Amino acid sequence: LGSDLTTLGLNLNSPENLYGTFQSPWADGPCRPQDIDFHVPSEYLTN
Amino acid sequence: FDDPPGLQDKTEYLLREWVNMYHSPAGGRDSTKAFSAFVNQMHQQGILKTDDLITRFFRICTELCVKLCYHALSEQAHTATLTRSKCFHTLDAFVRLIALLVKHSGDAANSVTKINLLNKVLGIVAGVLLHDHEKRGSDFQQLPYHRIFIMLLLELNAPEHVLETINFQVMTAFCNAFHVLRPSKAPGFVYSWLELISHRIFIARMLATMPQQKQGWPMYAQLLIDIFKFVTPFLRNADLSKHVSLLYKGTLRLLLVLLHDFPEFLCDYHYGFCDVIPPNCIQMRNLILSAFPRNMRLPDPFTPNLKVDMLSDITQPPRILTNFAAMIQPVTFKKELDSYIKTRSPVTFLSELRGHLQVSHEPGQRYNVPLMNALVLYVGSQAIAYIHSKGSTPSMNTITHSSHMDIFQNLAVDLDTEGRYLFLNAVANQLRYPNSHTHYFSCTLLYLFAEANSEAIQEQITRVLLERLIVNRPHPWGLLITFIELIRNPSFKFWGHDFVHCAPEIEKLFDTVARSCM
Amino acid sequence: PLGPQPLSKDHAYQLAMMEAAAHHLPHPSDSERLRHYLPRNPCPTPTYHCPAMPPHMDSLDFYARLSTEALFFIFYYQEGTKAQYLAAKALKKQSWRFHTKYMMWFQRHEEPKTITDEYEQGTYIYFDYEKWGQRKKEGFTFEYRYLE
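Below, the structure written as structure tokens:
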């Protein structure tokens, strides 16, 4: 009977696209902001 | 083979040098200072002298990185975090070197040298992976290769002008490399492979941000077909092993993202996908068939007295980007088919039809499924065109008494249970969102039910629809309206059949569906 | 009516290779740059141990409600990520400004004494990463040309 696809950790009713925070086919939830590489101004790379 | 003497040591020395320069603060944020110094060293060492030497240099570097990773992974004392940082310390530096060489090879305007170098390196990494995969068998580890591919993907997708101008060729190079490493060729790499093609940057580039947006779609479709082909033999047996169900669930997650974000992509390539998805993989196939264009509003299938043929979209042909006509082989068979459609001759065509479709006597593998699917869609498309040429539209009246319907009725009657199941599936695979194919094939299925000369055919039509309806959501719109019409329209005398009452839970199920329709 | 299909030799090999690979699945952090300060824990953590993600965790107004210290923590220790980008935007909403020349965040503390179109002289507070707190900077000249 297949499975309940709403329990795979994807917010299928989200008005935004999902792919931008899609973490992995094996992950039960989306990426967190600190997981997403972001091209910030080089000055922000303070370390 | 035949590496020049000393090249191995020279390469090892250079790689170590580079890793230190990459990690030293003096190397600069994006290693440009370190890079210009290092390129001089490569020149002095003669590495850049010939294409062959550059190739050997990259191969030896890749092998050194891989060896280092296997060594780190074998040290039990290390925690997973420590192992990874040891591996990535070298791998990320090596990737940065590749990215800088790609970006700075040839002059800025000359993208050919850049792309040639990228293809070369991706090919070398793929080659080392396949060799390692074969040599180590179940001890194969995907970690180093996964890291090289993903970090190179991130590096070459940074928002820099020189990269933006060559992004299509860069993504094409990655698609080619991932196709070379498709799961049926490197099954030990399959989990990384699916992770790579699911990565948000990869999806964004292939499906959303390509200049001519749909340029990436055919390549991405091919990669999805690669994973479907791989899982097919393992999904045929309903009880999946833990690892297969992990891969299947991961594939479902990716498809859900595509259904949510790029439904038009699934609409355009549904045919190619359903051609390779095993017929018993019902929910995954429903997921693909449920996609509909975002700008389309689907009327509630349970609307009483819904007039499907009055919907504006119902006469529009869907985009199908697979050349299914070309899949009807051999050519002689295609010629006979076209001749029969046009002139109903040769008269022997129908009686020989099954022979063309049957490929073995092995139960469960008797028929050529892709040929069956292509035949059904081709004949249906021809029928729609013929009906339109007569100035009318598909309906229960206009689809009958035609060479096209002769072929479908012959298939319904002449095939055995297995063959008819595949035939009915090929028809049901066209029941999607409101379009001319959905309408035509919905009428065809209902007509075959009404005109069936045996209750077995009617039962099988019901089974094919029912097995698609009782699985968890999503359900294609065309499937729902067909089933509702079947149980609601008294002319099909649906409720009078014994098989409707064959078991209490079946009868209860039909009742439930019927009640939600009324 | 298709029924199960016995695996061919080739498919059996593929299954064995896939099952071996399943014992070392890629971890999501394998697809991200190394995070020197807050490396992801690659050990498989049961979901009930994972802190539930508050809704809209990746929205600006979620960050705007965080304390200044929290924002500077995110800005400093999660560099190069979307979290740092959101923290920077939230700091700007709290009227902090990033001075590229000094690579520091400043907030005007009181009305500046002199203002020209090049700079303004005044008392500013800045965030001191070493002492992890806000500190005053008397008589500081804020050069607009370096303002990010």
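Residue numbers (my numbering), protein chains in the order written: chain A, 1277 to 1323; chain B, 1457 to 1974; chain C, 2 to 149. Glycine is no exception: its CB is placed at the ideal position from the N, C-alpha and C atoms. Bear in mind that the values here come from a model prediction, so they are computed numbers and not experimental data.
{"Asked": "Endpoints, beta strand (DSSP E) assigned at Thr124(C)", "Found": "120 to 129"}
{"Asked": "Beta-carbon gap between Leu1612(B) and Val1558(B) smaller than 8 Å", "Found": "yes"}
{"Asked": "Where Ser1972(B) falls, given that 16 or more other Cβ within 10 Å makes a residue buried", "Found": "exposed"}
{"Asked": "Classification of Glu1963(B) by the beta-carbon crowding that lies within 10 angstroms, buried from 16 upward", "Found": "exposed"}
{"Asked": "Identity of the residue in Gln1464(B), Val1969(B), Thr1506(B), Trp1933(B) nearest Pro1749(B) by Cα", "Found": "Trp1933(B)"}
{"Asked": "7 Å CB neighbourhood of Thr142(C) in its chain, flanking five on each side removed", "Found": "Tyr120, Gln122"}
{"Asked": "Span of the beta strand (DSSP E) around Glu139(C)", "Found": "134 to 144"}
{"Asked": "Status (buried if at least 16 other CB within 10 Å, exposed otherwise) for Glu1422(B)", "Found": "Missing from the structure shown is residue 1422(B); chain B here goes from 1457 to 1974 and no further."}
{"Asked": "Given Gln105(C) as reference, the closest of Ile126(C), Glu112(C), Asp118(C) once Cα atoms are compared", "Found": "As written in the sequence, residue 105(C) is Met, which differs from the Gln given in the question. Cα-wise, what sits closest to Met105(C) is Ile126(C)."}
{"Asked": "Cα-Cα separation, Phe1314(A) to Glu80(C)", "Found": "9 Å"}
{"Asked": "Reduced DSSP category for Tyr38(C) - H, G, I as helix; E, B as strand; rest coil", "Found": "coil"}
{"Asked": "Short Cβ contact (8 Å threshold) for Ile1571(B) with Ala1629(B)", "Found": "yes"}
{"Asked": "When Pro7(C), Glu139(C), Tyr86(C) are compared against Asp59(C), the one with the closest alpha-carbon", "Found": "Tyr86(C)"}
{"Asked": "Stretch-stretch touch, CB-based, cutoff 8 Å, three pairs: the stretch 1479 to 1489 of chain B with the stretch 1508 to 1517 of chain B", "Found": "no"}
{"Asked": "Proximal chain A residues relative to Ala84(C), where beta-carbon distance stays under 9 Å", "Found": "Arg1308, Pro1309, Gln1310, Asp1311, Ile1312, Phe1314"}
{"Asked": "Within chain F, partners of His12(C) - CB distance below 8 Å", "Found": "The chain labelled as chain F is not found among the protein chains of the depicted structure, namely A, B and C."}
{"Asked": "Of the listed residues Val1584(B), Pro1615(B), His1602(B), Gly1644(B), nearest to Leu16(C) (C-alpha basis)", "Found": "Gly1644(B)"}
{"Asked": "Reference Asn1287(A), options Leu1619(B), Thr1518(B), Arg1709(B), closest by Cα", "Found": "Arg1709(B)"}
{"Asked": "Span of the beta strand (DSSP E) around Arg109(C)", "Found": "105 to 109"}
{"Asked": "Where the alpha helix (DSSP H) containing Phe1690(B) begins and where it ends", "Found": "1673 to 1691"}
{"Asked": "Nearest-angstrom beta carbon gap, Ile1606(B) and Ser68(C) [assumed within contact, 8 Å]", "Found": "With 8 Å as the limit, Ser68(C) and Ile1606(B) do not qualify as a contact, their Cβ atoms being about 35 Å apart."}
{"Asked": "Residues bridged to Tyr1823(B) [DSSP beta-bridge criterion]", "Found": "Gln1814(B)"}
{"Asked": "Distance cut-off 7 Å: Ser9(C) Cβ against heavy atoms of the ligand PLP", "Found": "Inclusion of the ligand PLP in the displayed structure is not the case, the ligand content being empty and no account of it being possible."}
{"Asked": "C-alpha distance - Leu1998(B) paired with Pro1802(B), whole-angstrom precision", "Found": "With chain B covering only 1457 through 1974, there is no way to say anything about residue 1998(B)."}
{"Asked": "Beta-carbon spacing of Ser1892(B), Ile1738(B) below 8 Å", "Found": "no"}
{"Asked": "Touch test, the stretch 1690 to 1710 of chain B against the stretch 1663 to 1677 of chain B, Cβ-Cβ under 8 Å, three pairs minimum", "Found": "no"}
{"Asked": "For Arg66(C), three-class secondary structure by DSSP", "Found": "coil"}
{"Asked": "Nearest-angstrom Cα separation, counted from Leu1904(B) out to Gln1865(B)", "Found": "7 Å"}
{"Asked": "Counted within 10 angstroms of its Cβ, other Cβ atoms place Gly4(C) as buried (16 or more) or exposed", "Found": "exposed"}
{"Asked": "Any C-beta of chain C under 8 Å from that of Pro1643(B)", "Found": "yes"}
{"Asked": "Contacting positions in the stretch 51 to 73 of chain C - beta carbon closer than 8 Å to chain A", "Found": "Cys51, Met54, Met58, Asp59"}
{"Asked": "Contacts that Met19(C) makes with chain A (C-beta to C-beta distance below 8 Å)", "Found": "None at all; the shortest Cβ gap to chain A is about 14 Å."}
{"Asked": "Proximity below 8 Å, CB of Asn1881(B) to CB of Pro1774(B)", "Found": "no"}
{"Asked": "Residues that Ile116(C) bridges to, as DSSP identifies them", "Found": "Glu121(C)"}
{"Asked": "Inter-residue CB distance, Leu1294(A) and Lys1705(B) (contact presumed, cutoff 8 Å)", "Found": "The pair is not a contact, with the Cβ atoms about 16 Å apart (cut-off 8 Å)."}
{"Asked": "Given Val1713(B) as reference, the closest of Gly1305(A), Asp1311(A), Pro1317(A) once Cα atoms are compared", "Found": "Gly1305(A)"}
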